[in-house]
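Report on the structure given below.
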Amino acid sequence: MIPKQRIAGKPSRIVRLPKSAGLPRSKAMLLYRTQLRKYHKPGSGRFLSQRTVSIGTDNSWFNAQIIPRDPAWVPVTNANYVWYSGNLNSENAIISTRFTLAQNRAILGASLFLSVDNYAVVIINGVPLLFDGPQNTPSFYNPGRTFDIRRFVRRGRNDVVIIAFNLGGPRTAEMPAGVAARLDIRLSNLQ
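Under my numbering, the sequence shown has 7 at position 13, and the numbering climbs by one with no breaks.
Dropping the structure here:
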């Protein structure tokens, strides 16, 4: 459904919002569901029961391969820069992770730190957290961005999918691309 937007002094008309990340949300959600079906088998992922959890991008994420950090990118504690393991020269990377939080602990807080060259879509448990439009914005990778994701994570199984894009074509030495993400989650004492 396209949201209506009123323009002062003019009759109502439908205003189409721009396609973020160069693709419609329906396509992003299709990529999300495909990623889960293809890589997240029953029983896959990590079970986390400790009070503080930090999950950073590395080779354990599905489709991810660690790449060297470009000097312009901010260093990310407990995470590595990664790109699509199937083709490091690809113009986009779809990476994901699955983890399970203990049922007997409440989620006190959760955040996602993201550094991406150039832009990304982040979907957590089927809900888009971030839907960047195509751009070359240095603040996306230096110093990066932090998001409060408390309302997106839940006790039990969680899926995080990041679709990262390189603006202008394939990833090369002249046109670097990479994504580093770290989820920090605080849980309560045992209930």
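Glycine included, every Cβ here is placed at the ideal spot set by N, Cα and C.
Computed from a prediction, not measured in an experiment: that's the story for all the values here.
Same chain, Cβ closer than 8 Å to residue i, five either side skipped, listed in chain order
i: I143; result: A104, S105, L106, I118, L123, L177
i: P5; result: Only weak support is given to the placement of P5: the predicted model assigns it a pLDDT of 44, under 50, and the question is left unresolved by the model.
i: T94; result: G39, R40, F41, L42, G150, R151, N152
For residue i: DSSP bridge partner residues
i: N130; result: In the DSSP output, where bridge partners are listed per residue, N130 has none listed.
i: Q59; result: W77
i: G172; result: D111
i: G150; result: L95
i: P69; result: Bridge partners of P69: none, in fact.
i: A48; result: For clarity, residue 48 is Ser in the given sequence; the question names Ala instead. Paired residue(s): D178.
i: R40; result: F93
i: L24; result: Paired residues: none, contrary to the question.
i: D142; result: S105
i: A87; result: A158
i: P122; result: I117
Pick from the options that is closest to residue i, judged by C-alpha positions
i: S90; options: S20, G50, Q97, R149; result: G50
i: R149; options: A73, L108, S182; result: S182
i: T166; options: L25, V147, R63, L82; result: L82
i: S109; options: P137, S84, N57, I61; result: P137
i: R63; options: T71, N53, Y75; result: Y75
i: A22; options: G172, G120, R180, E168; result: G120
i: V68; options: A174, R180, I179; result: A174
i: T28; options: G172, F56, L102, Q44; result: F56
i: W77; options: T71, S54, L17, R180; result: S54
i: E168; options: S20, V147, E85, A96; result: E85
i: G80; options: F141, I60, Y26; result: I60
Cβ neighbours of residue i in the same chain (closer than 6 Å, five flanking residues each side left out)
i: L192; result: The chain is shown from -5 up to 185; residue 192 falls before or after that span and cannot be answered.
i: F134; result: V110
i: A100; result: S182
i: V188; result: Beyond the ends of the chain as shown, which are -5 and 185, falls residue 188; an answer cannot be given.
i: L102; result: R180, S182
Spatial neighbours of residue i in its chain, beta-carbon cut-off 7 Å, leaving aside the 5 residues before and after
i: P170; result: D64, D111
i: F146; result: I118, N119, V121, L123
- Query: Counting pairs of beta carbons, one from the segment 98 to 117 and one from the segment 148 to 157, are three or more of them closer than 8 Å?
  - Reply: yes
- Evaluate the contact criterion for the segment 79 to 97 versus the segment 125 to 135: three or more CB pairs, one atom per stretch, below 8 Å. no
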